[in-house]
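A.B. asks: Dumping the structure here so I can ask a few things about it.
Right under this line is the structure:
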């Protein structure tokens, strides 16, 4: 019969926990105290104390010849061995008494707790309150905790302890059960006895109750947990074998769980004894040893089917009633409790008084799971732990497929046990480590009855069936595929044992849901037998689901025969449907001659772990052309088309990239520039009728604007979109003049040379392809001529533009196409005394292209006096 939390513990057993250098021992074990003297060549008190002061702690104490070895967490070790005059005392229990060096001391067994009904031992429950180890006091005497002994000290720090014989003749080390430390009793350099505290864990700094509900953590104390109790109104008979509980007997529930956060997070909390206390140090509850709090996903705060991991610093503490009566429970049920522990030096660390425990009477919970009608498949000869099956929601079995009954109230009843029909054959039901284990050596269905006793003294039961059968061994295969790669590259060979089975035509590979339909060389969809590994998969910020037809499997071979034949699972993937995530595919090896009832129809269970990944480099269609992008491929220049009569510039964005297939373009979208609130001069870029066509107003020329090209791979919304972000600048196809200044030594004016012609053909500009063009190119909207301020005093132009045609016959003056006459302004008083250079006297030629961009160049026209003119002519 199960009582999950041990309520009554006898001192004799607890006292055996530690006597000397080692922890728990059995009653029958001899316990050597290993009292030794320190060898000065091996260690010193100062060395040990320095380690402790440096934050180190003891990881291990082991017996060695003549003494013991102390090892710290950093690996440093010290041997403590017998000195010349050292002795080793032997401390043991014989016939219920403590013996030191074979000298009888006091009784080793404490007073017995209240007598309960007789019955078989229940399972091992969470640890009870630790016992107190014998120790040597500062006065050199042994002390034993025996509060009921006639010689027990009645008051003070040693209340409850009995003084034993002296032991100030040697060195010894004792493991504390109340604090995380060893205590080394040794003589110091003043030849005085000294206790050196050697911690067994890092120093705890804080402990705090927290609440975890559905994966959400809050730090305002623990969630409220309920423990239940009641008293028997009449005699109650329950159990197998049957136990009679008298009227008035106190029934208490087994346990509940609270959570706590401990710092430092990586401390070895198992070295600490954690208790529940009210502000006066009292309690009617006990805590078991902590267990790491596990979850598959990280805990979340209040605003915000992987393998489970420890939630760092968070522990589960199982809580139950202490060995108290109903009145004590009633008096303590509304009291505030805190978590309490002591460090190696006996300093108490308390949490807030926010551990919420509710002791309820008169509300006796029953078992509540609703799935007991569902039979569970158990492998023959498998040891099925019934408590685990009843309470687990999942992973009751190693294959992870079979779930338990999810019972949440088993810890809320007083006791329970399991029974099977008396005429059941070839079934063994036994207790192993306090848990009921059932096995069957042959296929059959067994009805199990779960009898339980509620805390109000009433009994009830639940029944469920176990189908013992031959369950197939599970095999896992891994298949990897990168979206866009060849399907056949992902095929996997079946394991050798399955290869051998398939050579018998009675065996075949099939999807688990349709085991009689075998896989062939023609790929069949995995629909209904495939799922995402994760509970939720998000792509592009949206939750997605598996798309039927995404994955198909075929059974292929290498075309050989006999022992050389190798079978493969060969996949086919629909690129327009797949999701780049981990999948699980369920297959079986089906035996045509097997029996479903006994489980022999399934020879193997195959789980294919399919990992589909997306490599953007493999499927990226945006391959920028270097001629339009800078070295970083983050900035591009576009030379769109327009005309002098148009107000906008047109361009196709695909021009910036290597050729993209028409079908791919259907899955590409462009996000174009829109002016923001602070961008008053910007004009929105608009898309054209065809994919990639855009239009911008001419005022946007030479302005860098952001563009985003987005590709949905294969048009599949279940794949992550690929983005190419870049800044695009629209530029004129006309770059500028071939040279900023046109210099021709023949182009000057003087009193002797008072005019010359300039021809439009003599001036070259360059386009974006670095080609020379003349300024009458069709991409030039206009060309105008003007004089510098200095030239205006001396020079006259026949026209400010180049004529587009010759003048009609007889017209005066004569006009030639593309020719402008440059002449000196002459009056009767003109006399050029000082030469004016071409840097001051020049004609400015201004070119405006059809993109609205203006470029200029200078035509130098020096004004020479006679002396300089003659000198220049002489040089020629």
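Numbering (mature numbering (1 follows the signal peptide of the UniProt record, and there is no 0)), first residue to last: -22 to -1, 1 to 854.
For every residue, glycine included, the Cβ atom is placed at its ideal position computed from N, Cα and C.
Given the structure is predicted, the values throughout are model-derived calculations rather than measurements.
1) Would DSSP call residue 522 helix, strand or coil?
2) Would you call residue 249 buried or exposed, if buried means 16 or more other Cβ atoms sit within 10 Å of its Cβ?
3) With a Cβ-Cβ cutoff of 8 Å, do residue 665 and residue 650 count as a contact?
4) Considering only the alpha carbon of each residue, which of 134, 493, 761, 316 lies closest to residue 827?
5) Out of 224, 163, 327, point me to the one whose CA is closest to residue 184's CA.
6) Residue ranges of each alpha helix (DSSP H) run of no fewer than 4 residues wholly in the segment 593 to 656, ordered along the chain?
7) Just the Cα atoms here: how many angstroms apart are residue 589 and residue 500?
8) Under DSSP, the alpha helix (DSSP H) around residue 480 begins and ends at which residues?
9) Assign residue 540 to one of three DSSP states: helix, strand, or coil.
10) Is it buried or exposed for residue 163, if we count other Cβ within 10 angstroms and need 16 for buried?
11) Check whether the Cβ atoms of residue 587 and residue 560 lie closer than 8 Å to each other.
12) Under a three-way DSSP split, which group does residue 691 fall into?
13) Does the segment 475 to 491 come close enough to the segment 542 to 560 to have 3 or more Cβ pairs within less than 8 Å?
14) Taking 6 Å as the limit between beta carbons, can you name the residues of its chain near residue 747, skipping five residues before and five after?
15) With a threshold of 6 Å on Cβ separation, who are the neighbours of residue 19 within its own chain once the five nearest residues in sequence on each side are excluded?
16) So the candidates are 120, 791, 398, 159; which of them puts its Cα closest to the Cα of residue 324?
17) Could you tell me if residue 302 is buried or exposed, where buried requires 16 or more neighbouring beta carbons within 10 angstroms of its beta carbon?
18) Is residue 598 closer than 8 Å to residue 719 when the C-beta atoms are compared?
19) Apart from the five residues just before and just after residue 39, which ones in its own chain have a Cβ nearer than 8 Å to its Cβ?
20) Let me confirm a value: residue 322 is counted as buried when at least 16 other C-beta atoms fall within 10 Å, else exposed. Which label applies?
21) Can you find at least 3 beta carbon pairs, one from the segment 690 to 700 and one from the segment 792 to 809, that sit closer than 8 Å?
22) Please work out which residues of its chain come closer than 7 Å, Cβ to Cβ, to residue 905, disregarding the five sequence neighbours upstream and downstream, and give them in chain order.
23) Counting C-beta neighbours from all protein chains within 10 Å, is the total for residue 631 16 or more, i.e. buried, or is it exposed?
24) On a Cα-Cα basis, can you pick out the residue from 156, 757, 192, 334 that is closest to residue 199?
25) Go through the segment 282 to 321 residue by residue and report every complete run of the beta strand (DSSP E) that reaches 3 residues or more, in order.
26) With a threshold of 16 other CB atoms inside 10 Å of the CB of residue 42, please say whether the residue is buried or exposed.
27) Once you ignore the five residues that flank residue 355 on each side, which residues in its own chain have a CB closer than 7 Å to its CB?
28) For residue 31, report the span of its alpha helix (DSSP H) as first-last.
29) So, residue 555 versus residue 694, is the Cβ gap smaller than 8 Å?
30) Are there 16 or more other CB atoms within 10 angstroms of the CB of residue 851, so buried, or fewer, so exposed?
31) My understanding is that residue 210 touches residue 435, with C-beta atoms under 8 Å, so please give their C-beta distance in whole angstroms.
32) Let me make sure I understand the geometry here. Which of 308, 330, 349 has the alpha-carbon closest to that of residue 340?
33) Buried or exposed: which applies to residue 231, given that a residue is buried once 16 or more other Cβ atoms fall within 10 Å of its Cβ?
34) Can you say whether residue 242 is buried or exposed, counting buried as having 16 or more other CB atoms within 10 angstroms of its CB?
35) Check the DSSP bridge columns for residue 162 and list the partner residues they point to.
36) Would you mind listing the beta strand (DSSP E) stretches within the segment 363 to 441 that are 3+ residues and don't spill past its ends, in chain order?
C.D. replies: With the given structure in hand:
1) Residue mapping note: residue 522 aligns to position 544 of the chain shown, counting from 1. Secondary structure of residue 522 (DSSP, three-state): strand.
2) Reading the chain shown from its first residue, position 271 is the one you call residue 249. For residue 249, the number of other beta carbons within 10 angstroms of its own is at least 16, and it is reported as buried.
3) Looking up residue 665 in the chain shown gives position 687. Looking up residue 650 in the chain shown gives position 672. Cβ atoms of residue 665 and residue 650: closer than 8 Å.
4) Counting from 1 along the chain shown, the entry for residue 827 is found at position 849. Checking every option, the nearest Cα to that of residue 827 belongs to 761.
5) Translated into positions along the chain shown, residue 184 becomes position 206. Distance from the Cα of residue 184 is smallest, within the candidate group 224, 163, 327, for 327.
6) Listed in chain order, the alpha helix (DSSP H) elements of length 4 or more contained wholly in the segment 593 to 656 are 594 to 597, 640 to 643.
7) Residue numbering aside, residue 589 sits at position 611 when the chain shown is read from its first letter. Residue numbering aside, residue 500 sits at position 522 when the chain shown is read from its first letter. Each residue's Cα considered, the two are about 22 Å apart.
8) Taking the chain shown and counting its residues from 1, the one referred to as residue 480 is at position 502. Following the DSSP letters along the chain, one finds residue 480 inside the alpha helix (DSSP H) bounded by residues 474 to 480.
9) Stepping through the chain shown from its first residue, residue 540 is reached at position 562. Annotated three-state conformation of residue 540 is helix, per DSSP.
10) Within the chain shown, numbered from 1, the residue matching residue 163 stands at position 185. Classification for residue 163: buried.
11) Along the chain shown, one-based indexing puts residue 587 at 609. Along the chain shown, one-based indexing puts residue 560 at 582. The Cβ atoms of residue 587 and residue 560 lie closer than 8 Å to each other.
12) Here residue 691 corresponds to residue number 713 of the chain shown, with the count starting at 1. In this structure, residue 691 counts as helix in the three-state DSSP scheme.
13) Output reads yes: the segment 542 to 560 touches the segment 475 to 491.
14) The residue you call residue 747 lines up with position 769 of the chain shown. Cβ-Cβ distances below 6 Å link residue 747 to nothing in the same chain once the five nearest sequence neighbours on each side are left out.
15) Translated into positions along the chain shown, residue 19 becomes position 41. Residue placement at residue 19 cannot be trusted, given a pLDDT of 36 that sits under 50; what the coordinates show is reported in the next sentence. No residues qualify anywhere along the chain.
16) Mapped onto the chain shown, residue 324 falls at position 346. Residue 159 is the option with its Cα nearest to residue 324.
17) Translated into the one-based positions of the chain shown, residue 302 becomes position 324. By the 10 Å Cβ count, residue 302 comes out buried.
18) Here residue 719 refers to the residue found at position 741 when the chain shown is read from its first residue. Here residue 598 refers to the residue found at position 620 when the chain shown is read from its first residue. In this structure, residue 598 does not lie closer than 8 Å to residue 719 by Cβ.
19) Numbered from its first residue, the chain shown carries residue 39 at position 61. Once the five neighbours on either side are set aside, the close Cβ partners of residue 39 are -2, -1, 46, 47, 48, 49, 151, 153, 160.
20) Counting from one through the chain shown, the residue named residue 322 turns up at place 344. It counts as buried.
21) Under the three-pair Cβ rule at 8 Å, the segment 690 to 700 does not count as touching the segment 792 to 809.
22) An answer regarding residue 905 cannot be provided, because it is not within the stretch -22 to 854 covered by the chain.
23) Locating residue 631 in the chain shown gives position 653, where the first residue counts as 1. That one is buried.
24) Counting from one through the chain shown, the residue named residue 199 turns up at place 221. Out of 156, 757, 192, 334, 334 has the C-alpha closest to the C-alpha of residue 199.
25) Counting only runs of at least 3 residues, the segment 282 to 321 fully encloses the following beta strand (DSSP E) elements, listed from N- to C-terminal order: 287 to 299, 316 to 320.
26) Along the chain shown, one-based indexing puts residue 42 at 64. Burial call: exposed.
27) One-based indexing of the chain shown puts residue 355 at position 377. So the qualifying residues of the chain are 380, 445, 447, 449.
28) Position 53 of the chain shown, counted from the first residue, corresponds to residue 31. Following the DSSP letters along the chain, one finds residue 31 inside the alpha helix (DSSP H) bounded by residues 23 to 31.
29) What you label residue 555 is simply residue 577 of the chain shown in a count that begins at 1. What you label residue 694 is simply residue 716 of the chain shown in a count that begins at 1. Their beta carbons are under 8 Å apart, which means residue 555 touches residue 694 by this criterion.
30) Residue numbering aside, residue 851 sits at position 873 when the chain shown is read from its first letter. Only exposed fits residue 851, as fewer than 16 other CB atoms lie within 10 angstroms of its CB.
31) Mapped onto the chain shown, residue 210 falls at position 232. Mapped onto the chain shown, residue 435 falls at position 457. Contact flag correct, Cβ pair sits at about 4 Å.
32) Within the chain shown, the letter at position 362 stands for residue 340. For the residues 308, 330, 349, the minimum Cα distance to residue 340 belongs to 308.
33) By 1-based counting over the chain shown, the position of residue 231 is 253. With 16 or more other Cβ atoms from the protein chains shown falling within 10 Å of its own Cβ, residue 231 counts as buried.
34) Walking along the chain shown from the start, residue 242 turns up at place 264. Exposed, by the Cβ-count rule.
35) Reading the chain shown from its first residue, position 184 is the one you call residue 162. Answer by DSSP bridge pairing, in chain order: 151, 174.
36) Complete beta strand (DSSP E) runs here, min 3: 393 to 397, 405 to 410, 413 to 418, 422 to 431.
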